[in-house]
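In what follows, a structure is listed as structure tokens, so that the remarks can point back to it.
Numbering (this note's numbering), first residue to last: 32 to 165.
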């Protein structure tokens, strides 16, 4: 049984689905990726590339779309522009979604996400924190 906080996050993910679009996704990621940091960007990219897999069930894709919609959503619980903590709620929602879809995240998905990270952040990106949770 999910905790009250997890249930609230699920409800927010469901509400956030309507904010997802591929254009909005790439726009926000390019604009705020450096501010959000490599952990948030890596989590977002893992979800995005998992969404592209045709064998992922519709229910799982809905979870991903909700999490990515929440990331795109301009009005978060904690505003993204708040220095130091602005992406904390995004990472929480993304982390919950990652746990729900982890069985579909294979090495190919991780490699695609890491390649994008290297393009944006350089070779010294450490993904072990996110990888250890999925």
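By construction, the Cβ of each residue, glycine as well, lies at the ideal position given by its N, Cα and C atoms.
Tell me, please, whether the CB atom of residue i is closer than 9 angstroms to any CB atom in chain C?
i	result
residue 155	Within the model displayed, chain C is absent; a lone protein chain is all it includes.
Nearest to residue i by alpha carbon, out of the options?
i	options	result
residue 56	71, 74 and 79	79
residue 90	124, 66 and 132	132
residue 60	88, 144, 155 and 154	144
residue 68	151, 164 and 124	151
residue 94	66, 35 and 51	51
residue 83	62, 139, 153 and 104	139
residue 76	154, 153, 164 and 142	142
residue 134	165, 66, 154 and 155	165
residue 156	65, 58, 34 and 35	65
Rounded to whole angstroms, how far is the Cβ of residue i from the Cβ of residue j, which I believe are closer than 8 angstroms?
i	j	result
residue 73	residue 130	That pair is no contact at about 15 angstroms.
residue 136	residue 54	Between residue 54 and residue 136 the Cβ distance is about 24 angstroms, and since that is not below 8 angstroms, they are no contact.
residue 87	residue 125	Contact flag wrong, Cβ pair sits at about 16 angstroms.
| said: Contact between the segment 94-103 and the segment 149-162 is defined here as three or more beta-carbon pairs at a separation below 8 angstroms; is this criterion met? | reply: no
| task | Enumerate, from N- to C-terminal direction, the unbroken alpha helix (DSSP H) stretches of 4 or more residues contained entirely within the segment 66-100. | result | 69-82
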